[in-house]
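So the structure is just underneath, and the comments pick up after that.
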Amino acid sequence: MRYLLAAVILFSVVKEYGPQKLLKVSSSLPNITANCRKPLGMASGTIKDEQITAPSAYDNDFARFGAHRARLNLTSDAPGYRADRTQSGGWIKIELEKQMVITAIATQGYGDPKYPEWTELYMVMYSNGGDYLYFQNPEGDLKTFTGNKDSNSIQHNEVPLPTIATSIMLMESGVHENFGIRMELFGCEPGYYFVVWLMLGDFGFSTTYLDKQEVEYQGIAEDVVEEVKSTLKRKPGFLSASLLQFSPQTSGAEIKLKAELKIECIEASVHDITAALKSYMQSSEGLFDRDYLKLQYPLDYQCRPPDVHIHLKKTHKNAARITAVDMYVIIGEVTAHCNTSSSMLLSWERSEVNKESGAFAVGPPLDKFRGSKNLTIEPRTLPPGLYYIRLIAEMTKEEGAIDSDFGFLEVVLPEIVAKILGVNKAVKGTGKIVLDASHSYDPYEMNIKDQGLVFTWLCRREEEDFSNIQSLSIDQSYGRDKVLGGCFGYGVGKLNTTEPTIEIDINGMISQSTYVFKVIVQKGNRSSSANHTLLVESSISFTIRCKINCGDRVTANKRMVIESTCRGLSCRTIKSYNWTLYMIYPWSVNETWKEQNLEDKILTEIDSPSLIFKGKLNQWENSLMDDATYRLRGIVHLADDTTEESEIDFKTNSAPYLDDYDLGCKVSPDVGHAVTTEFFISCDGWKDDDLPLSYEFSYHTNTGSVVEAMPSDDVSGTLMNMASGEESPLGNLLKSGNVDKAAIMAYAVLSMVDTSEGKMTSAEKKSLKDAIIGQMSNVKVTSLEQVTQMAAVVALATEQKDEISTNSQENAVNLLENTADFVSSQLSSGTADTEVLQKVGASLLHGISNVMSAASTGAKQEEGDEKEGAKSVLTEETAKETNKDEKKDNKDKSKKTAEKTLKLMDKVGSSLLGTKAVGEKPSVFKTKSLAMMLDKQVPSKIGGKKLGDGEGESGVALPSATTLFGDRAESLPSVDSQATEKVVALRLTDHLDDNNLLETFQSAYKNGLSTETALTRINDDLLRAIDENACAILVLLDLSAAFDTVDHQILLTRLKCRHDVKGNALAYMRSYLSNRFQYVRVVNDCSSKHKLACGVPQGSVLGPILYSMYTAPIADAIKRHGMRYHFYTYDSRYTRHSTPQMFYSPNH
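First residue of the sequence shown? That's 1 in UniProt numbering, and the numbers climb one at a time after it.
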């Protein structure tokens, strides 16, 4: 393989140059390699054996005759290399393993005289890791070297064109007997160079020539290097040329392209090389300007070029940036390296660079900075632009002692200075505030102040940012809801102005919030901004918070109470409240707030200081949706037209659910008997994200399990056995303390009493009810559930007032008092659910109402009997059979019971008022004989506030708070109002009764009197006429729409003048009658309202009494004519009896 390689190389060389050129020998060289003639290590052994190879060895004995023996002056056994005699075209290759400059070769023959073998002619090839090239003579031809003429003499040959190589191959081209050789290579390590600056006359400089990656850079660089190499390649001592960099060079009014090249050479050949280069430039039309050539000798030991460095970036893309109004000093660092007496000349150059094209233009001279290491840029001396700055340092009288450094400087227009002047705190109600940005300016043109500047104003809350700007201005609604945040509720964004000053109406902003106003000041493509923080304060502190049904998740089917709090003197000037509710739907993809219809969801007025969500609306619907996110905003409007806002966010819980519909709630047994069967209710399988779950049981009498009637015929006996006596099942339950089960049993027994359908007498019913009430009168309730149970028992026991004794009435009141006390304690503790308390209170009022009705009947019964006794045969007979002492005792007891119920009613009413929030719509608790209206309002809402029974628009309109409370009205946080129509009726009838103002012969709506007494009276009058043998005439008068014809003014006059109703009582009646309206409704369509001047409400407790008082003068007119009469509401019966002759008398 070695032999073949040598043959191929030799063949290619011979083929290219021909045999005649192999025999050509060069002449001696100039003495330019004097300092580069060191032996490279063949003789000394520095070049190792393994670095020397040959394709063959004599007798194939590489160990004895191999290439490693080819060392100059080797005399030991086998003194030299001997090739295989049978092979021709021998060669030896030497791997230098690093770059070396080869300047000469010395050879000897094989050193043993017995074997006269030497090389007569040879060629040398070299490589630097690539292909092998041949050594050339100065004419560019293949160099053939003369070898030896004997075995021991040394033949020394100079390399005509010294070359850098890492591998040398010597190829014999003529031998004596055999290819035998000893040799040495001479040269030195490369490293010496100098730098030449050449200007390309036809090329202007641009930033393209600063980027080595640019194609244009690479193309010109290749041409420049190739032209220099072509010029110097046959100059002895020249080794290589490479481009260091391109730089700009001023040439007249132009900036030309300058190439800075590194010329590697043998040191002694520098002047010959530079002379050759100058000669070429003068005689040829090449790339370079013939008049420009500068040299640098970085390795000159006497005076090297100075080190120059300036503090600027070397690429235009990251140029140092200053503004046109800055003073900037470019610092230069220069260090001399000269051992002569030369002085240093410093000069600065500046070129302007077109940022778009990259072209350089000549800048004005910087003569004033000649000799200075630093360059000072004064403000406004450089217009905006990109600049190339260069510092040149040159040693005088020393050729090649020159260097420079450059950098880029970008001068830009200064940033616009944005300023905002204004207050940082403002109190709502003190007027608008002004923010002034007119002191913003352009520093480059300070004399024109804010002229030419464009202002853009933005605003946000402190906790927000300007990353999500609204497209529309934010100081107007443009149909948007105020749920987007920002300064005015319409999001973060721009204000609708471009003026330098703005006026801000802070009255619509949220108090105790910090806002950030930002002004962007623009001029051309420059802009700057400034921020200004503003804390909006208020003379009041307004907040809203959840009071009831709060937490991480709100229960949607329960009432939720939100209360507002206002602190500060200006709270007295609140004109109104307003609430807005927004919701994000659970299935919403984008979280968009949607305003909700709030009025249908709340128990309070929309302008109340508190808000109560209704909770459960019906069996299937709640006021708030399950699993939804809500935002509630409360707003107060003050007298100075400012507003204060506060908002809370909350989420609603989702309802429990069943995975397995076979589970759920069940009743066992499905069928049972009233009173005697125990029913068990159990629930299982309900799931929810929030545990544990609580269960509430309720039932309806018309659904659920089938409860059949008792099978026993003796209903009375069975019920008496169940509930009468301490040893009865009811008594045993009470003794054991099982109040809940006892109440359920008592209620069941009483239910059977009311549905016994003639199986029990009135006396049996009364006895059973007395037994039940008597046993339960001393029960001490311990839970609100027990309160409800006790109230239900009392209400059912007293439903029929003729089936409850006076003693039972007392016991019932005692039981209700105990329960009412417990309700008050629960309210005071604040632990009970107000919704539950209201339901319990309603149950108590039902029981109280029934007891009051029964007690009032008992108290009035005796008086009614006595008055009627003088006129009626029926009452006279009854009076004789009645024990007067017993009647009087019962009457006194009933009165006391009635008084207790009134006090109890007031107590329960006060407790219920404690459950109401300020501003909540009036609550009406209504039974068949009682209507209680409760209201809690701020003082400003009291005037004209109507308390009614919930039906229509009737009610009592209250006077203003100032009228009621005087100067104290403004300091009151709220005013509680309680009106009970039944109480008013009782007070009014007491007044009429005590002052004998009632019409005697009026049977309607009076205790102890009815249609039966009216008919008895008429029947008695007719029978008397017959007994007296007289004729009788009966006149019946029925007024059509009687209640609707009552004139309010006449009625009020009658109340005052005839019935002595005066003062506050008369004012109450006037309020009760005023502001009544009527309209017609067909399905959901209503006619316009018409204010009424006549009429009293039919169906009300007071209506019939007022009508009777209104028609009282009719009796006076009848009496004047000696006629007998009897009234029943708006029906009148008149009788007259006399002798028959009188009926026909002309005078009658």
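Note that the Cβ used here is the ideal one computed from N, Cα and C, for glycine as well.
What does a CB cutoff of less than 6 Å around residue i pick up in its chain, not counting 5 residues either side in sequence?
i     : result
L170  : I92, Y122, V124
G493  : I469, Q470, I474
A1112 : E999
T543  : T565, S646
F203  : L257
F369  : W348, L375
How long is the line joining the alpha carbons of residue i and residue j, rounded to whole angstroms?
i            : j     : result
E726         : V984  : 41 Å
F455         : P500  : 6 Å
N152         : D77   : 15 Å
K801         : A743  : 21 Å
E184         : K235  : 24 Å
F1043        : I1105 : 11 Å
R82          : F179  : 6 Å
G491         : I448  : 36 Å
D740         : L784  : 11 Å
M905         : T592  : 49 Å
residue 1149 : L312  : The chain is shown only over 1 to 1148; residue 1149 falls outside these bounds and no answer can be derived.
L484         : K594  : 11 Å
C683         : D662  : 11 Å
Q249         : P190  : 31 Å
N557         : K900  : 37 Å
E877         : R1017 : Reliability of the predicted coordinates at E877 is poor, the pLDDT of 47 falling under 50, and the value obtained from them is presented with this limitation in mind. Cα to Cα, the separation comes out at about 14 Å.
H1059        : D994  : 11 Å
V636         : W579  : 9 Å
S127         : G187  : 15 Å
Classify residue i as buried or exposed, calling it buried when 16 or more other Cβ atoms lie within 10 Å of its own Cβ.
i            : result
E177         : exposed
N811         : buried
S724         : buried
I510         : buried
residue 1165 : An answer regarding residue 1165 cannot be provided, because it is not within the stretch 1 to 1148 covered by the chain.
Q155         : buried
M446         : exposed
M327         : exposed
K317         : exposed
T1011        : exposed
N531         : exposed
Going by DSSP, name the residue or residues bridged to residue i.
i     : result
W593  : Looking at the DSSP assignment, W593 forms no beta bridge with any residue, so it has no partner.
T497  : Partner(s): none; T497 has no beta bridge.
D1020 : None, per the DSSP bridge assignment.
Go through its chain and collect everything with a Cβ distance to residue i's Cβ below 8 Å, but skip five positions before and after it.
i     : result
V434  : G422, T501, I502, E503, I504
V1080 : C1086, S1087
L827  : L837, S911, G914, T915
L617  : S623
Would you say residue i faces chain B, with C-beta separation under 7 Å as the test?
i    : result
E799 : The structure shown contains no chain B; it is built from a single protein chain.
With a threshold of 7 Å on Cβ separation, who are the neighbours of residue i within its own chain once the five nearest residues in sequence on each side are excluded?
i    : result
N339 : Q302, C303
S438 : D450, P500, T501
L386 : H316, A319, V353, K355, F408, E410
E817 : L904
T703 : Because the pLDDT of T703 is 34, which lies under 50, any placement of that residue in the model is unreliable, and the number read from its coordinates should be weighed accordingly. Excluding positions up to five away in sequence, the list is empty.
H150 : The amino acid at residue 150 is misidentified as His; the sequence shows Asp. Excluding positions up to five away in sequence, the list reads G109, W118.
H68  : D49, I52
R64  : A78
L874 : The predicted model places L874 with a pLDDT of 41, which falls under 50 and marks its position as unreliable, so this point remains unresolved.
**OP:** Kindly provide the ranges of any beta strand (DSSP E) runs that are 3 or more residues long and lie completely inside the segment 751-834, ordered along the chain.
**Re:** If we require 3 residues or more, the segment 751-834 turns out to have no beta strand (DSSP E) run fully inside it.
**OP:** Any chance you could list the beta strand (DSSP E) runs of at least 3 consecutive residues sitting entirely within the UniProt domain "SEA" (188-300), in chain order?
**Re:** 193-204, 238-251, 254-265, 288-296
Subject >> alpha helix (DSSP H) runs contained entirely in the UniProt domain "F5/8 type C" (36-188), provided each spans 4 or more residues >> reply: 62-65
Subject >> Continuous beta strand (DSSP E) assignments of at least 3 residues falling wholly in the segment 1027-1107 >> reply: If we require 3 residues or more, the beta strand (DSSP E) runs fully inside the segment 1027-1107 come out as 1031-1038.
Original post:
What residue ranges within the segment 305-342 form continuous beta strand (DSSP E) runs of no fewer than 3 residues, ordered along the chain?
Top reply: 320-323, 328-330, 332-338
**OP:** Tell me the start and end of each unbroken beta strand (DSSP E) in the segment 457-536 that is at least 3 residues and wholly inside, in chain order.
**Re:** 501-504, 513-523
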